[in-house]
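So the sequence shown is numbered by the working numbering: it starts at 4 and just counts up by one.
Every residue, glycine too, gets a C-beta built ideally from N, C-alpha and C.
A short worksheet on the structure shown next.
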Amino acid sequence: MGVTLDRTSETPLYRQLLAELSSRIRSGEIASGSRLPSVRSLARTLGVSPITVVQAYNGLAADGLVHATVGRGTFAGASGPETARPQSDDRANTAPEDGEWHTTLPVHLRAPRISAMHALLRPGRRPGVISLAAGTPDPSLFPIRVLGRLWSRVMAAEDPGFLQYGTSQGDYQLRTWIAARCAATGIRAKAEDILITSGSQQAIDLVARTFVGPGDYVLVESPTFITALDIFEGRGAKLIGVPMDNEGVRVDVAASLMERFRPRLMYTMPTAHNPTGITTTEDRRRQLAALARRYNLLVLEDDTCSEFTYDGEAPPAIKAFDAGGHVLFVLSFSKTVIPGLRIGCVVAQAPLLSRLVDSKSVADRFTSPLIQRTLWRYLSSSRYPRDLATARDVYRSRRNALLEVLEETMPTGVTWTRPSAGFNIWMHLPDTTTAAEVFEEGLKEGVACAPGDLFLPHAPPPSGLRISFADNPEETAGEGARRLARALTRVLASSRAEEPESAFVTTV
4 MGVTLDRTSE TPLYRQLLAE LSSRIRSGEI ASGSRLPSVR SLARTLGVSP
54 ITVVQAYNGL AADGLVHATV GRGTFAGASG PETARPQSDD RANTAPEDGE
104 WHTTLPVHLR APRISAMHAL LRPGRRPGVI SLAAGTPDPS LFPIRVLGRL
154 WSRVMAAEDP GFLQYGTSQG DYQLRTWIAA RCAATGIRAK AEDILITSGS
204 QQAIDLVART FVGPGDYVLV ESPTFITALD IFEGRGAKLI GVPMDNEGVR
254 VDVAASLMER FRPRLMYTMP TAHNPTGITT TEDRRRQLAA LARRYNLLVL
304 EDDTCSEFTY DGEAPPAIKA FDAGGHVLFV LSFSKTVIPG LRIGCVVAQA
354 PLLSRLVDSK SVADRFTSPL IQRTLWRYLS SSRYPRDLAT ARDVYRSRRN
404 ALLEVLEETM PTGVTWTRPS AGFNIWMHLP DTTTAAEVFE EGLKEGVACA
454 PGDLFLPHAP PPSGLRISFA DNPEETAGEG ARRLARALTR VLASSRAEEP
504 ESAFVTTV
């Protein structure tokens with residue numbers, strides 16, 4: 004594309020790119036209807052982060068200079084897709100001049116946030132860069148040797164028929180253990196109420212593909228889990244963000260939105276919320292369960308990290324107050340055991356669960372019986388609670404240490420949450436800056452974090468960052484925070500008041 008960016012300039016890279024593309028479109032150098040490069044492609048060509056391109060494209064859209072067509076890309080001009088999309092008979096017989104035939108293929112499932120997040124995580128793997136972006140557990144705490152021994156025992160003890168195709172619903176012994184675990188959160192469940200999935204992400208996807216269709220409204224917390232946003236949008240849902248405060252999701256706002264839009268489903272992470280670390284109060288959980296009954300909608304409760312509650316005990320699950328079967332409860336072992344096991348589950352009443360089992364059968368038929376049985380042996384052993392307690396103590400200490408460094412180093416005007424559970428801290432930035440600016444400046448300083456725009460379903464409130472503390476030793480995370488503080492200080496000193504809108508806008 005021949006764009007040159009000045010990395011020595013005080014003007015942020017995304018503003019330089021926005022100005023350059025805007026000039027070319029207005030002058031006609033980029034003709035109306037021309038397809039702009041994909042975010043990933045242009046970011047790779049220019050050697051910048053995807054968030055830089057995302058912010059620039061969003062600025063063009065806000066100025067009416069480009070429009071996006073689902074499944075095809077971003078095009079110059081404010082007109083509809085008919086100006087950019089060739090007729091189907093022409094498209095079938097005409098290859099692009101550059102020979103990249105795949106660009107003519109319609110893509111019916113996009114994951115823009117996941118794609119951008121993957122690209123944003125790459126700089127954190129560079130030598131000398133400290134990553135506070137991933138939100139993952141510490142591999143040094145994984146019970147690798149124990150699981151290896153248990154795997155061997157399962158292979159030696161089980162009948163060869165155990166290696167045949169498994170049941171779609173999952174291992175009965177593992178489901179029985181999970182039912183007992185659910186009782187600790189106030190949920191009354193039997194093994195028959197549980198479906199084993201390939202991680203919590205598949206559980207969310209199965210719920211979406213089973214119960215959510217094109218045009219359905221879905222309420223989500225704002226901000227929320229990136230993958231859930233892409234999953235629901237991939238189903239054609241219209242996302243509506245519900246704001247949060249220090250007590251969790253704003254139930255009063257949710258009630259108003261339910262009355263107005265009659266959504267099909269609400270997705271929530273009430274404990275160890277990702278990305279904020281906030282835990283929703285028990286009173287609000289009761290209210291959400293009552294709202295689900297009143298408006299006859301499904302609540303998808305994602306509980307992937309409540310075992311890592313550091314201050315007191317986590318409140319009962321929303322499903323504990325579910326009298327009518329409206330709440331679907333999702334559990335995962337990725338944070339508490341090992342992500343690579345890819346084991347999760349969904350708890351639901353019989354009529355809903357049977358439909359989810361059918362969807363699981365279509366998706367991948369079953370989750371590995373070997374992995375399920377190995378996990379059950381570990382969870383049933385005396386090692387699991389000891390390992391869990393050890394990991395909880397380590398993560399609590401890392402949280403406390405990072406919070407101390409933030410207090411000591413962050414410039415005035417920057418605030419953050421104090422998570423009572425989970426792996427993440429949400430940092431609120433002043434209105435005078437954006438997450439893209441801080442991300443870029445942070446990389447120059449040798450630290451990577453997760454820009455908050457990716458976690459938002461629509462146009463953002465003031466910018467934010469997700470800071471993760473679990474997978475770095477205290478000294479490393481502390482140094483990362485000090486680097487981030489230096490980057491923030493420089494960005495804030497520039498006193499740039501204009502803030503671009505998020506590229507991820509959902510119109511309702």
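Check: Expected contact under 8 Å - CB spacing of D141 and D474 to nearest Å; Outcome: 5 Å
Check: Helix, strand or coil at S225 according to DSSP, with G and I counted as helix; Outcome: strand
Check: Meets three-Cβ-pair contact criterion under 8 Å: the stretch 411-431 and the stretch 310-323; Outcome: yes
Check: Reduced DSSP category for L198 - H, G, I as helix; E, B as strand; rest coil; Outcome: strand
Check: Continuous alpha helix (DSSP H) assignments of at least 4 residues falling wholly in the stretch 5-41; Outcome: 16-30
Check: Where V424 falls: helix, strand or coil (DSSP); Outcome: Checking the sequence, you will find Ala at residue 424 rather than Val. Note: A424 maps to strand in three-state DSSP.
Check: Contact check, M261 vs L294, beta carbons under 8 Å; Outcome: yes
Check: Contiguous beta strand (DSSP E) assignments of at least 3 residues, all confined to the stretch 313-343; Outcome: 330-335
Check: Inter-residue spacing [alpha-carbon to alpha-carbon] between E410 and E440; Outcome: 22 Å
Check: DSSP three-state assignment for F311, whether helix, strand or coil; Outcome: coil
Check: Burial state of L491 (16 or more Cβ within 10 Å); Outcome: buried
Check: C-beta atoms of I190 and A323 nearer than 8 Å; Outcome: yes
Check: Neighbourhood of A318 by C-beta, 8 Å cutoff - its chain only, sequence neighbours within 5 removed; Outcome: Just to set this straight, residue 318 is Pro in the shown sequence, not Ala. P273, T274, T282, T283, T284, E285 and R288, listed in sequence order.
Check: Segment limits, beta strand (DSSP E) that includes A532; Outcome: Residue 532 is absent from the model: the chain starts at 4 and stops at 511.
Check: C-beta atoms of G76 and S41 nearer than 8 Å; Outcome: yes
Check: Contained beta strand (DSSP E) runs [length at least 3] in the stretch 105-181, N- to C-terminal order; Outcome: none
Check: Distance CB(W429)-CB(G218) smaller than 8 Å; Outcome: no
Check: Backbone secondary structure at T418 - three-state DSSP; Outcome: strand
Check: Identity of the residue in W419, T437 and F442 nearest H431 by Cα; Outcome: W419
Check: Interface flag, L487 vs chain B, CB-CB below 8 Å; Outcome: The structure shown contains no chain B; it holds only a single protein chain.
Check: Residues bridged to H70 (per DSSP); Outcome: F78
Check: Meets three-Cβ-pair contact criterion under 8 Å: the stretch 386-404 and the stretch 228-243; Outcome: no
Check: Whole-angstrom distance between G36 and W154, CA atom to CA atom; Outcome: 57 Å
Check: For M261, the three-state DSSP class (helix, strand or coil); Outcome: helix
Check: Selection from D314, R27, R152 and D208 that minimises the alpha carbon distance to L112; Outcome: D208
Check: Anticipated Cβ contact below 8 Å, S171 with V408, distance rounded; Outcome: Contact doesn't hold; Cβ gap of about 48 Å is too wide.
Check: Beta strand (DSSP E) segments (min. 3 residues) lying fully within the stretch 332-413; Outcome: 347-350
Check: Per-residue burial, Y168 [other beta carbons within 10 Å of its own, 16 or more giving buried]; Outcome: exposed
Check: C-alpha gap between L232 and A160, whole angstroms; Outcome: 42 Å
Check: Endpoints, the alpha helix (DSSP H) within which D286 is located; Outcome: E285 to Y298
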